[in-house]
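When the letters of the sequence shown are read in order and numbered with my numbering, they come out as residues 195 to 1008. The structure under discussion appears below in the form of structure tokens.
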Amino acid sequence: MSSFLSALGQDLRFGARMLRKNPGFALAAIAILALGIGANTAIFTITSALLLRPLPYQEPQQLVAVDTHTGDVTNGVTLVRYELLRDHNHSFQQVAVYTNDNFNLTGHGEPVQVPIARVSANFFALLGVRPQLGRTFTEEEGRPEGRPVVMISDGLWHTRFGADRNVVGQTINLDSAPYEIIGVLPAVDFPFVGQAEVWSPRYFEYTLMPAARLRMGVGYLGGVGRLRPGTNLASANAELEVLNQQYRRENPAAPDASGEAMMTATPLREGVVAGARAGVLWLGAFVGVLLLIACLNVAGLLLARALARRKEIAVRTALGARRAVLLRQLLTESLLLALIAGTLGLGLGMFLTRWFVALGAGHLPPGVPITMDARVLFFSLAVSLLTGLAFGIIPALQLTRTELNSILRDEGRGVSAGHGRIQVKNLLVAGQVALSLLLLIGAGLLVRSFGRLLLIDPGFDAHNVITMNVSLPTVKFADAQKQIAFFDELLRRVSAQPGVRSAAISAALPLAWKRITPMLPEGQPEVPLPQRPFIVIETISPQWFHTMSVPIKGGRGLTEADTAEAPKVTVVNETFARRFWPNQNPVGKKILIGRQTAPTEVVGVAADIRNHGLALDPQPQLYLPFPQLPWGNMNLIVRTATEPRSMAPAVRAQIAALDPDQPVMNIRTVDELMEGSRAEPRYMMLVFGFFSATALLLVTFGIYGVLAYSVAQRRQELGIRLALGAKRSDIQSLVVRQGLTLAMAGIGAGLVLAVILSMAFRAAVSSRLYKVSASDLTTFALASLVFVAIALAASYLPARRATKVDPTEALRGS
195 MSSFLSALGQ
205 DLRFGARMLR
215 KNPGFALAAI
225 AILALGIGAN
235 TAIFTITSAL
245 LLRPLPYQEP
255 QQLVAVDTHT
265 GDVTNGVTLV
275 RYELLRDHNH
285 SFQQVAVYTN
295 DNFNLTGHGE
305 PVQVPIARVS
315 ANFFALLGVR
325 PQLGRTFTEE
335 EGRPEGRPVV
345 MISDGLWHTR
355 FGADRNVVGQ
365 TINLDSAPYE
375 IIGVLPAVDF
385 PFVGQAEVWS
395 PRYFEYTLMP
405 AARLRMGVGY
415 LGGVGRLRPG
425 TNLASANAEL
435 EVLNQQYRRE
445 NPAAPDASGE
455 AMMTATPLRE
465 GVVAGARAGV
475 LWLGAFVGVL
485 LLIACLNVAG
495 LLLARALARR
505 KEIAVRTALG
515 ARRAVLLRQL
525 LTESLLLALI
535 AGTLGLGLGM
545 FLTRWFVALG
555 AGHLPPGVPI
565 TMDARVLFFS
575 LAVSLLTGLA
585 FGIIPALQLT
595 RTELNSILRD
605 EGRGVSAGHG
615 RIQVKNLLVA
625 GQVALSLLLL
635 IGAGLLVRSF
645 GRLLLIDPGF
655 DAHNVITMNV
665 SLPTVKFADA
675 QKQIAFFDEL
685 LRRVSAQPGV
695 RSAAISAALP
705 LAWKRITPML
715 PEGQPEVPLP
725 QRPFIVIETI
735 SPQWFHTMSV
745 PIKGGRGLTE
755 ADTAEAPKVT
765 VVNETFARRF
775 WPNQNPVGKK
785 ILIGRQTAPT
795 EVVGVAADIR
805 NHGLALDPQP
815 QLYLPFPQLP
825 WGNMNLIVRT
835 ATEPRSMAPA
845 VRAQIAALDP
855 DQPVMNIRTV
865 DELMEGSRAE
875 PRYMMLVFGF
885 FSATALLLVT
895 FGIYGVLAYS
905 VAQRRQELGI
915 RLALGAKRSD
925 IQSLVVRQGL
935 TLAMAGIGAG
945 LVLAVILSMA
955 FRAAVSSRLY
965 KVSASDLTTF
975 ALASLVFVAI
985 ALAASYLPAR
995 RATKVDPTEA
1005 LRGS
């Protein structure tokens, strides 16, 4: 062992001296590798946090999420399903539920709307989370007759109560009702729940929804369970299938009693990262390719450097050095280079991680801290070592195969001495081109997809429109007439403000939907409620179509005459009309909505809008007048004649004049909502574009390096050509042609590989693209042309240098 350590120390010292003797080479190689290792470290940091790091709960591997699935759609768990599962399962130690809601918090400062989580009383015990102050909920408090108590988050404790340790036992007003604070949670995130500042055990209630309605098949709950020891996921799902059948027998009229609705269990982490998993894995593959390109690039640099070391290796061989010793020495130099680059790459990875997370804010799962840990450090070390071996092995093998006699005899003369290395270096550059072409095609597809997304017509005019959320407290506005009166007066006041062109309210924001319900259109077969199609419904004020500039294509829009006492009416969108009444006039048709027994009449047809986001086609939708479907949580939408945000203070003042305790939340322009809908594809485009640009830079260096090396090797040959009458333009064309040949070889290989991968992963790639094929010919062609241009640019300087070879000096050295 001591002899091995002594030899290793000697090799490291020798390697450090060699790097100091060649600072230009060392800096270039370290910079290239640090970039590749840093990018991989950053993406692995995100991957580790999302996919590998255990959730911060007791025995997290035993935790599962319980949801109801109807085909490919994931729905929540209904209250009745939860009670069935809680009381009749044998696979779980405990089952808990949660749902998100909002309360208006008054007192202890300015009125504000706070996100709350309604959870079953055993929620924190199931997860093994203990409060830092006070206690958790009791079973009695988790019943309808239980006293009103809450727990608060660590963040709210600090911001609203100044971290007062006497906060337990204090009373706060939530939606104008008093609640006692019984505990303060630790600074632990619950990403599967979402943001919550206040926690209540009254999961059987929901703001502005009657308790009876919650027992009629509303899937508003999320479920979490802890498996019993010795129980696996498969056996738990087998039991859930039995409970599904029992639920259908006992609740045949429930909307989720169809045979397609299935309650299933999945690992809890899957629910946390499901939306981000595919993107993170794609980024991981991307940076893996980038690191491989960096390795090929540095291997090319090492081969070029090998030219200057041939005589050194030959002399050491002549003096008795064994090939294994030389090979170990060269690999030690490569590993030393990689470790230095890895150290710098770790720092670069920290910077890139922060940049990626900031760039993707809102698209990574909330509540999951993205930080480096020991796993990331080990990964960075392992990548550095493997990288050192990867880029060092080929040059080391090439250099230690040196023929002693030919090197000592032909040093400084022969052209053929480096011919084998030139061929290997050519292959390395062609490989870089092929891999970089893959990255460029991927980035190009995302750019074209994003360009198509920018051109989408959302179906409404987004400019000069501001939105804000107004959620009326349940206690003060429990009566529907009070809700109607409040919003009627609010719209009257806001519409009268200078600079306001029109104002309206809607339950959902533009580009989103909020409520769905089963319905039965006229002419469709009579089927039970569970078998009826679920359709998006929107409750709006009459001025909504005018405010959003959505044209009425047939019939009429909604009017002030469509009151709660008037006949039930609705406006359908064009997609609804085409789907259920093709080639018919929808106006005058009837629809049974939800559990209604009396039908609703269609009075108009509105133009389609993107109601599920910009990237998805419009879905069938019904528009109902607000007085006929009142809702306390509404969005105020105001079209202005000036910059929309400048009107926010005046609008808020009118709300405060109506109710000084009423908070206003989520003030955004519709243009900002549009940008938010494009944010995820923009994020992927920018990150992939960054990596592609980096790969292009590396390839440019690679082509330049191999041509510069070739010109140096062929200096004598080029001089002889010039002496024999060759034109300097011919010499320049020769070098440029060599660069283009390398590029074309790499382009050909890259295109073949891209086609194979696009066919193998067509579904996965297509899911991230909008109206762009995974094998888009335009993208493939443009990416290839970019590499031709890069080859020409990278060939220019070596080609010019070749034309300046002095024939006399070349002939004198021959």
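Where is the CB? At the ideal position from N, CA and C, for every residue including glycine. All values derive from a computational prediction rather than experimental measurement.
Along the beta strand (DSSP E) that carries Gly807, what are the first and last residues, could you check?
Careful: Gly807 lies outside any beta strand (DSSP E) and carries neither H nor E.
Alpha-carbon to alpha-carbon, Leu497 and Ile601:
In this prediction, Ile601 scores a pLDDT of 49, lower than 50, which makes its location untrustworthy; no coordinate-derived value is stated.
Helix, strand or coil for Thr239 per DSSP?
In the three-state DSSP reduction, Thr239 falls in the helix class (H, G or I).
Determine contact between the stretch 625-642 and the stretch 813-826, defined as no fewer than three beta-carbon pairs at a distance below 8 Å.
As far as the Cβ criterion goes, the stretch 625-642 does not touch the stretch 813-826, which means the pair count is below three.
Member of Ile231, Ser952, Lys921, Leu279 whose CA lies at the smallest distance from the CA of Gln421
One point to set straight first is that residue 421 is Leu, not Gln, in the sequence displayed. If we check each option's Cα against that of Leu421, Leu279 comes out closest.
Where does Glu335 sit, in a helix, a strand or coil, going by DSSP?
Helix.
Three or more C-beta pairs closer than 8 Å, one from the stretch 444-453 and one from the stretch 323-341: is that the case here?
Contact fails: fewer than three Cβ-Cβ distances are below 8 Å.
Report yes if the CB atom of Ile941 is closer than 8 Å to the CB atom of Ser978, and no otherwise.
Yes, Cβ-Cβ distance for Ile941 and Ser978 is below 8 Å.
Inter-residue spacing [alpha-carbon to alpha-carbon] between Val913 and Ala993:
In the sequence under discussion, the amino acid at residue 913 is Gly, which differs from the Val named in the question. Taking the straight line joining both Cα atoms gives about 14 Å.
Could you check which residue in Val344, His282, Glu333 has the C-alpha nearest to that of Ala311?
Taking Ala311 as reference, the option from Val344, His282, Glu333 with the minimal CA-CA separation is Val344.
Near Gln737, what residues of its chain come up, given a Cβ to Cβ distance below 6 Å and the 5 sequence neighbours on each side ignored?
Cβ neighbours of Gln737 beyond the five flanking positions: Ser696, Ala698.
Can you name the start and end residues of the beta strand (DSSP E) that Ile375 belongs to?
Counting along the chain, Ile375 sits inside the beta strand (DSSP E) bounded by residues 371-378.
With 16 other CB atoms within 10 Å as the buried threshold, where does Ser840 fall?
So Ser840 ends up on the exposed side.
Limits of the beta strand (DSSP E) - the one that Ala800 falls within:
794-800 is the span of the beta strand (DSSP E), which, as asked, contains Ala800.
In whole angstroms, what is the alpha-carbon distance linking Ala939 and Val483?
Each residue's Cα considered, the two are about 18 Å apart.
Would you kindly work out how many angstroms separate the C-alpha atoms of Gly1011 and Phe644, rounded to a whole number?
This structure cannot settle anything about residue 1011, because the visible part of the chain is limited to 195 through 1008.
Measuring only the C-alpha atoms, how far is Leu350 from Val306?
Going by C-alpha positions, Leu350 is about 12 Å away from Val306.
When you compare the CB positions of Leu808 and Ile650, do they come within less than 8 Å of one another, or not?
Against a cut-off of 8 Å, the Cβ pair of Ile650 and Leu808 comes out as a contact.
In whole angstroms, give me the CA-to-CA distance for Gln389 and Gly625.
Their backbone Cα atoms lie some 47 Å apart in a straight line.
Please classify Ala390: does DSSP put it in a helix, a strand, or coil?
In the three-state scheme derived from DSSP, where H, G and I count as helix and E and B as strand, Ala390 is classed as coil.
With the cut-off set at 8 Å, would you say Gly543 and Ser574 are in Cβ contact?
Yes, these two residues count as a Cβ contact at 8 Å.
Looking at the structure shown, is Thr711 part of a helix, part of a strand, or coil, going by DSSP?
Secondary structure of Thr711 (DSSP, three-state): strand.
In the DSSP assignment, the beta strand (DSSP E) including Pro819 goes from what residue to what residue?
Run containing Pro819: 815-819, per the beta strand (DSSP E) assignment.
How many whole angstroms separate the CB atoms of Asn241 and Gly478, which I take to be in contact at a CB cut-off of 8 Å?
It is worth fixing the name first, because residue 241 is Thr in this sequence and not Asn. That pair is a contact at about 6 Å.
Kindly list the residues whose CB is nearer than 8 Å to the CB of Gln926, restricted to its own chain and excluding five residues on each side of it in sequence; keep chain order.
Excluding sequence neighbours, Gln926 sits near Ala993, Arg994, Ala996, Thr997.
Option in Gln288, Gly826, Arg773, Glu333 with minimal Cα separation from Thr425:
Measuring from the Cα of Thr425, the nearest candidate turns out to be Gln288.
Integer Cβ distance of Ile226 from Ala488, believed to fall under 8 Å
So it is a contact: roughly 5 Å between Cβ atoms.
Counting pairs of beta carbons, one from the stretch 738-757 and one from the stretch 765-772, are three or more of them closer than 8 Å?
Enough Cβ pairs lie closer than 8 Å, so yes.
Tell me the residue span of the beta strand (DSSP E) that contains Phe297.
Here the beta strand (DSSP E) through Phe297 covers 286-300.
Can you tell me whether DSSP reads Thr365 as helix, strand or coil?
In this structure, Thr365 counts as strand in the three-state DSSP scheme.
Taking just the CA atoms, how far does Thr834 sit from Ala656?
A direct Cα-Cα distance of roughly 11 Å separates Ala656 from Thr834.
Length of the line joining the Cα atoms of Ala847 and Arg687
If I take the Cα positions, the gap works out to 10 Å.
By alpha-carbon positions, which one of Ser989, Glu869, Phe238 ends up nearest to Arg548?
Among Ser989, Glu869, Phe238, the Cα nearest to that of Arg548 is on Phe238.
Residue range of the alpha helix (DSSP H) that includes Pro992
For Pro992, the uninterrupted alpha helix (DSSP H) run begins and ends at 971-997, by DSSP.
As assigned by DSSP and simplified to three states, the class of Arg214
In the structure shown, the three-state DSSP call for Arg214 is helix.
Throw me the rounded Cβ distance for the Gly416 and Val271 pair, which I believe falls under 8 Å.
Yes, they are in contact, since the Cβ atoms of Gly416 and Val271 sit about 7 Å apart, within 8 Å.
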